[in-house]
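Everything on this sheet refers to the single structure shown next.
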Amino acid sequence: MNPLQACLLLSTTLFAIGLVTTLARSDAILVLLGIELMLSAANLNFIAFWHFGPATAPVHGVIFVVFALAVAAAEAAVGMALIIALYRHQKNIRLEEATSLKG
Amino acid sequence: MNFAFSVIAFLILATAAAAMCLRQLVHVALLLVVTWFAIAAFYLWAGAEFVAFAQILIYAGAISMVVLFAVLLTRQAPLSPSLTPAHPGRVVAALSLGGAVAGTMGYAILRTPLAPASAAGPVVSVRELGMELMGSPLAAVLIVGVILTAALIGAVVIAASPGTTKEEESS
Amino acid sequence: MNAGPLDSAFLERAPVQLRDLLCGYVPEAVRPAAEALITMVAVLAVFGLLFAYLTLAERKILGRIQNRPGPNRTGPRGVLQPFADAIKMLTKEDIVPRAADRLLHFLAPVVLVAFSLVTFAVIPFGRQLVAIDLDAGVLYFFAAGASTELAIFMAGWASNNKYALLAAMRALAQLISYELPLLLAVVPVIMVAGTLSPQGIVLAQAGWNFGVLPHWNLFTPWGLAGFCIFLVAALAESNRSPFDLPEAESELIAGHLTEYSGFKYALFFMAEYFGMCALNSLGVTLFLGGWQAPCAFLSFIPSYAWFGLKLLSLLVVFIWIRATLPRLRMDQLMRLAWKFLVPLALLNLGVVAFWQLTAGWSAPLQLVRWAASLSFIIVPFVLLGRKLSAGLGPRVYRYAAS
Amino acid sequence: MNPFVPHLWLIPALPLLAAAIGALTPRGGRTLATSVAVLGLVGSFVLSCLALRSAVAAPSVHAVFNLTWFELGTGAIRLGWLLDPLTALMCVMVTFVGTLIFVFSIGYMKEDDNAARFFAFLSLFAGAMLGVLISNSLLLLFLCWELVGLASYLLIGFWFHKPAAAAAAKKAFLTTRIGDLGFFLGLLWLSQSAGTLLFYDGGHGCLEAGALAALTGQTVAGGLALSTAIGLLIFCGAAGKSGQFPLHVWLPDAMEGPTPVSALIHAATMVAAGVFLIARVYPLMLADQALSNVSVHALTVVAFVGAITALLGALLATAQTDIKRVLAYSTVSQLGYMMLALGVGSWVAAIFHLLTHAFFKALLFLGAGSVIHAAHHEQDLRRLGGLRRRMRLTTLTFAVGMMALAGIPFFFSGFWSKEAILMAADEWGVSQIPLFMGLTAVALTAFYMTRLFAEVFLGPPRTEAAAHAKENSPLMTLPLVLLAICAILTGFLGTPAWPWLQATLAGDPVTPRALVESVPKVVGSIGLIAFGVSFAWILYGRRPRTAAVAADPASTILPPIYRFLQARLKLDEFYAATFGRLIAAVAIVFAVLDRRLLEGLVASVAWIARWVGKLNRQGDERGLNAGFNLLSERLRGGGRAYSRGQTGEAHGYLRILAAGFVVLVLIAISKGGR
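Pasting the structure below:
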């Protein structure tokens, strides 16, 4: 198993942890954090491929991560705002109770 | 380097996993901060200095702050275990799905012949990075700027009410 | 070791040579570790002592300003006061409330001190004296600084006390709000210097006009504006008066420090002063030309001395401000940050861009360049100030003795 | 070649710039707009003085500067500036009087909060007028001419919330348009036949020998020389602008505008434009004098029109009860004098009278404005009176203006210029009728001016407003004084004893003659003036009326004629009855066509369309709807079934997502395996 694969496995596991959190926990904040974890896993992949990959376009992996970070920040801000709105709407933030859109 | 890598990997996974099992939301948030730091350490190890510090600045500095605020603003009772244990069926389903994803992906990773092209990875200086950013992905930079502004305003609008102050705005 | 002649070069090199000398006695294998260790010890020692005497100086200066002697019992003129305080703090009982979250309650001060010390790693104290010359040093500094906010929150939350919690939330709001102007005030310097490494920024400010006028960023329009914004934001970031809302004694007992006592309290105190020193060091590095001498003929004095001098003067300014200004209200704090400092800092970016674009202008046009840059800063400053202070006329104290 | 000429455009440019600035200033910025306007005009006044100096240095040359505006096909449209004593003198006069009027209106418009707009319009007006003066191309002149018309429209209708003002503005605009139509036709014809519109172009201009010879050579229908026809067409424009007989009706109504505007329009600029135009194209008008085989000469028409206008205006002025209307009609008659002078071949006399008239008429209007402003906008002279005690300065200056206009001998400019005109008319070989008309008008002028003065200033105040009037601020009286001084002095520029003005304009050396050419004629005209004054004094001055309602003494003498005059010869009604009717009839015819013909067509088309629609609807209801209903039922059912899957629970969706992802990865692996 070469280092690249190790990195990929690491990111996969992190992604899985984030996914499990998102699926298992009912607290909206935790779900959001799980999503953040998955994002970070993706970033790990970018960096890994940039680090071990062919040095043709050296910086693109990093640039991707920079954008991903920016988007993550925006996503966190909006997500937290949504959660607060949700809390104001239904005195708690349990996601499985926020089902007013069901058909 | 393998030693450093394994330590970092262990830190990342352990803290993440532990955070996901904790019952106290604030603890989760703080433990995840450790995870962010570990990830930043991974970036450092991979030679992406700038990204590492940006990661700390954004995740530890901003996002975790926002999370903590969300926790405090949506908290029923002080130190209340805000997390009721999820009912087992969901947990089982979640674990199985997560395992499936991890397994399939891992299988795919392991059986694809991936050889690191460069043993000693490239090192990018901040100046190069800036030059590159001002190059082809300039449009993307602008778009990201627009996205951030929109998110900022949107956050304020969504969370705005006689109660809330500017905290969401500042992430 | 070979002791060179006792000249400026020797003095310049002295600390490094001392370190090498000490490293000479340890085996090769652990030499890098040993060097790092020595650096840490040196920083700790210097700034520990600085902290100790800064507290004393603060109390003395405050005393002078408030027309009282200040501490003067322990030792001649109270020079031993800090040590007395230290002993007192160490011997005091360490109380942890029962309802508190013990782990976090313990971790908070540790993390705080750790992060506020970590920031010193990238500050160039002298020509040779920089612990790690990081390529992204400034970013590193802010990353570490951002992390200290967490510690404050931990403290406030862990002690499970409503005052502490309020203080923590206030602290977060304040720190986050003032991080923006801080960063925005630093960006112009980076734009001009073209690097994120503090050492590089200092070198970019090297040189003098006819031997006396140094090329420090402070002496440019955008630099001046940036420095002022930076100073205000730094005051707020280090929770010092007039921005000391988080530990506003009169409102929140002692804020997030309420439930802390003894050594942990001392740690918080120390961390606050370390943070202040670090921010001021950054200010010196970015705007006051770091360890550069103000005049060519004065450059025989070793660089770290200059750095120390500038740092000390800034610290004195901070103490002076604390003695002079009353505390702001929360909404005033927020308004200042979001409606005044941030817009001005953004304008400053435009100004520095203009400055860079017009760098090639010839001598007479230089006047235009200066005038334009200054007006771009000053006019909005006046207008914004008018707008913000509208309606806040001079207050009438009806019951004050006149 | 005069180095000053290429920069001549600066003279109109300054006020136009001021107008632009004033137009851009918000309502609040009256100070800015005012100061800019005044400064601009003062600047062009200084420039005009420089121009005058350099023009007088060489009186006989027409210094020109021509440039190509744009290429059009083969030919090029060319514009240019022209500097000769005529232009220079007019420029100085316009800028000087204009400046004084501007200063006056600062005080007059103090209460009005649209003053910024007002001054912008004033500057535009002045700039356009100066453009008319300096232009060396009939085209450029026409452009500025129209600009003057626009500005006058804006200014007369400045108080557009007053319906009368709006109507007056419209009337002025349309009436002058009628004249300008002729002007434009003449312009086109001239450019088509002479090939250029430049006046002077080093021998190729349309006012120079070559072109004139070509113009006089050919004749058009009715035995008119081509030049005569063109000249008469251009004269239409002039008549429209400076209110000659058939087209004079707009001028009295234009009094609805603010008084400074009346002063500007009637004294200095707009009405002068017509006279100036004729003076400018004088060689063209003069061209057909040489020929004898033509049916009529252009100038003859001009002379008769002028004479009629002079008499008519004077007649009407005697019966008006509104200060400004009296002055307006007197303007009409004075313009008639100028046209008469032009017609009888002494254009220098015309310009002389134009200059003197500009000063004393501006003086009179500003005096009237000062009276009105002081009497709280009371303009009816029956309701004024007795102001001489309260407004001494105004009274004095007004008296000066009045005597100048009435032509009191020797010390007032009006006398000299009018005498010059009458002398010219006397020497005219064609006919003596204009002379007699002019002489009658002289008497009438003296009469109505005396009447006006007596009514306004003498006797007891007849209303509260008049009783409480008090002298205005120096800002308003100072211009009066200055103008009064000028009204006295300008006359001595052109006395027969020292005819500097005539000589300069004509470009001859100054040749002094006797103080008066022929004593008997002068004595006669003085006698007429004395008669007019004394008659008016007997009627109005000796025992001034005491009540506002008291009948006008003149009306007691010849009531029907008085009433007819008061109704302004029923000219407006006449126009309404003739031209108005005609147009209305045409409109009715078209309306009828519209209703009967077009509506029928449209209706039938609509009817057909309606029937088609009905058929269509039947088809829909029978056939399509059933199918649609069935289909939508199906859709609704499917949707109901499908929406059961929509639990609205985020985790459920996420689970499905993850499962799908796993499946995709497995597929990818199996594909990759092969």
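Sequences listed follow chains A, B, C and D, in order.
Under our numbering, the residue at position 45 of the first sequence is numbered 45, and the numbers go up by one with no gaps.
In our numbering, each number is its position in the second sequence, counted from 1, plus 103.
In our numbering, each number is its position in the third sequence, counted from 1, plus 274.
In our numbering, each number is its position in the fourth sequence, counted from 1, plus 676.
Ideal placement from N, C-alpha and C gives every residue a C-beta, glycine not left out.
Would you please state the rounded distance, in angstroms, between the beta carbons of Leu562 (chain C) and Leu492 (chain C)? I believe it to be under 8 Å.
-> So it is a contact: roughly 6 Å between Cβ atoms.
Using the Cα positions of Asn92 (chain A) and Asp27 (chain A), report the straight-line distance between them to the nearest angstrom.
-> Going by the C-alpha atoms only, they are around 9 Å apart.
On the premise that Leu328 (chain C) lies in contact with Gly352 (chain C), defined as a C-beta separation below 8 Å, what is that separation, rounded to the nearest angstrom?
-> Not confirmed; about 14 Å, so no contact.
Below 7 Å between beta carbons: does that hold for Met168 (chain B) and Ile450 (chain C)?
-> Yes; because the gap between Cβ atoms is below 7 Å, this pair is in contact.
What did DSSP end up calling Gln884 (chain D) once you bin it into helix, strand or coil?
-> Here residue 884 (chain D) is Glu; the residue named in the question, Gln, does not match the sequence. In this structure, DSSP gives Glu884 (chain D) a state outside helix and strand, which the three-state scheme calls coil.
Residues, ordered as in the chain, of the segment 1299-1321 of chain D that lie near chain A by beta-carbon distance below 9 Å | Within the segment 1299-1321 of chain D, the qualifying residues are Gly1315, Arg1316, Tyr1318, Ser1319, Arg1320, Gly1321.
To which residues of the same chain is Ala843 (chain D) closer than 7 Å at the C-beta, ignoring the five residues directly before and after it?
-> Around Ala843 (chain D): no qualifying Cβ.
Extent of the continuous beta strand (DSSP E) to which Trp757 (chain D) belongs | 751-759 is the extent of the beta strand (DSSP E) around Trp757 (chain D).
Run through DSSP, which three-state label would Ser1346 (chain D) get?
-> Here Ser1346 (chain D) carries a helix assignment [DSSP, helix/strand/coil].
Go ahead and pull the three-state DSSP assignment for Thr207 (chain B).
-> The three-state reading of DSSP puts Thr207 (chain B) in helix, counting H, G and I together.
When you compare only the Cα positions, how much space is there between Pro184 (chain B) and Leu128 (chain B)?
-> Only weak support exists for where Pro184 (chain B) lies, its pLDDT of 49 falling under 50; the value from the coordinates is given anyway. Their backbone Cα atoms lie some 8 Å apart in a straight line.
Tell me, please, whether the segment 436-448 of chain C touches the segment 393-410 of chain C by the rule of three or more beta-carbon pairs shorter than 8 Å.
-> With a cut-off of 8 Å, the segment 393-410 of chain C and the segment 436-448 of chain C do not count as touching, because too few Cβ pairs lie within range.
Option in C:Thr469, C:Phe542, C:Leu620, C:Phe389 with minimal Cα separation from Ala552 (chain C) | By alpha-carbon distance to Ala552 (chain C), the top candidate from C:Thr469, C:Phe542, C:Leu620, C:Phe389 is C:Phe389.
Any 3 or more C-beta pairs closer than 8 Å across the segment 932-940 of chain D and the segment 822-842 of chain D = Flag = yes, the segment 932-940 of chain D and the segment 822-842 of chain D touch.
Candidates D:Gly893, D:Ser867, D:Thr895, D:Ala1302: which alpha carbon is nearest Cys882 (chain D)'s?
-> Comparing alpha carbon positions, the residue from D:Gly893, D:Ser867, D:Thr895, D:Ala1302 closest to Cys882 (chain D) is D:Ser867.
Kindly indicate which three-state DSSP category Thr744 (chain D) falls into: helix, strand or coil?
-> Looking at Thr744 (chain D) - three-state DSSP - the assignment turns out to be strand.
Using the beta-carbon count (16 or more within 10 Å), is Cys569 (chain C) buried or exposed?
-> Label assigned to Cys569 (chain C): exposed.
Could you give the distance in angstroms between the alpha-carbon of Ala459 (chain C) and the alpha-carbon of Ala480 (chain C)?
-> For Ala459 (chain C) and Ala480 (chain C), the gap between their C-alpha atoms comes out near 20 Å.
Under 9 Å Cβ-Cβ, which residues of chain B neighbour Asp407 (chain C)?
-> Think of a sphere of 9 Å around the beta carbon of Asp407 (chain C): no beta carbon from chain B falls inside it, the nearest being about 12 Å out.
Any chain B beta carbon closer than 7 Å to Ser40 (chain A) = Closer than 7 Å: yes.
Minimum Cβ-Cβ distance from Val229 (chain B) to chain C less than 7 Å | Chain C has a Cβ within less than 7 Å of the Cβ of Val229 (chain B).
Supposed contact pair Ala545 (chain C) and Leu386 (chain C) - C-beta distance, whole angstroms, cut 8 Å = That pair is a contact at about 4 Å.
Do you know offhand how far Leu14 (chain A)'s Cα is from Leu114 (chain B)'s?
-> Rounded to whole angstroms, Leu14 (chain A) to Leu114 (chain B) spans 11 Å at the Cα level.
Below 9 Å between beta carbons is the criterion; list the residues of the segment 138-157 of chain B that meet it against any residue of chain C, in chain order.
-> Correct list: Phe140, Ala143, Glu152, Phe153, Ala155, Phe156, Ala157.
Run through DSSP, which three-state label would Ala901 (chain D) get?
-> Reduced to three states, the DSSP call for Ala901 (chain D) is strand.
In whole angstroms, what separates the C-alpha of Pro576 (chain C) from that of Cys124 (chain B)?
-> Computed Cα separation, rounded: 55 Å.
Just confirm the distance between the C-beta atoms of Ala197 (chain B) and Ala24 (chain A), as a whole number of angstroms; I'd bet it's less than 8 Å.
-> Ala197 (chain B) to Ala24 (chain A), Cβ: 4 Å. Contact.
How about Pro1085 (chain D) and Ile1161 (chain D): are their beta carbons less than 7 Å apart?
-> Against a cut-off of 7 Å, the Cβ pair of Ile1161 (chain D) and Pro1085 (chain D) comes out as no contact.
When burial is assigned at 16 or more other CB atoms within 10 Å of the CB, is Ile47 (chain A) buried or exposed?
-> With 16 or more Cβ atoms within 10 Å of its Cβ, Ile47 (chain A) is classed as buried.
Where does Trp685 (chain D) sit, in a helix, a strand or coil, going by DSSP?
-> If DSSP states are grouped into helix, strand and coil, Trp685 (chain D) belongs with coil.
Where does Ile1214 (chain D) land, buried or exposed, given buried means 16+ other C-beta within 10 angstroms?
-> Per the 10 Å Cβ criterion, exposed.
What residues in its chain sit with their C-beta under 7 Å from that of Val170 (chain B), if we drop five residues either side in the sequence?
-> Ala132, listed in sequence order.
Could you round the C-beta distance between Ile668 (chain D) and Ile999 (chain D) to whole angstroms and report it? I think they count as a contact, below 8 Å.
-> Outside the modelled stretch of chain D, which goes from 677 to 1350, sits residue 668 (chain D), for which no answer is possible.
Would you mind listing the alpha helix (DSSP H) stretches within the segment 1269-1340 of chain D that are 4+ residues and don't spill past its ends, in chain order?
-> Within the segment 1269-1340 of chain D, the complete alpha helix (DSSP H) segments at least 4 residues long are 1276-1295, 1301-1319, listed from N- to C-terminus.
Between the beta-carbon of Ala804 (chain D) and the beta-carbon of Val824 (chain D), is there less than 7 Å?
-> Remark: C-beta atoms of Ala804 (chain D) and Val824 (chain D) approach each other more closely than 7 Å.
Would you report the Cα separation of Leu454 (chain C) and Gly500 (chain C), rounded to the nearest angstrom?
-> Leu454 (chain C) and Gly500 (chain C) have their C-alpha atoms spaced approximately 13 Å apart.
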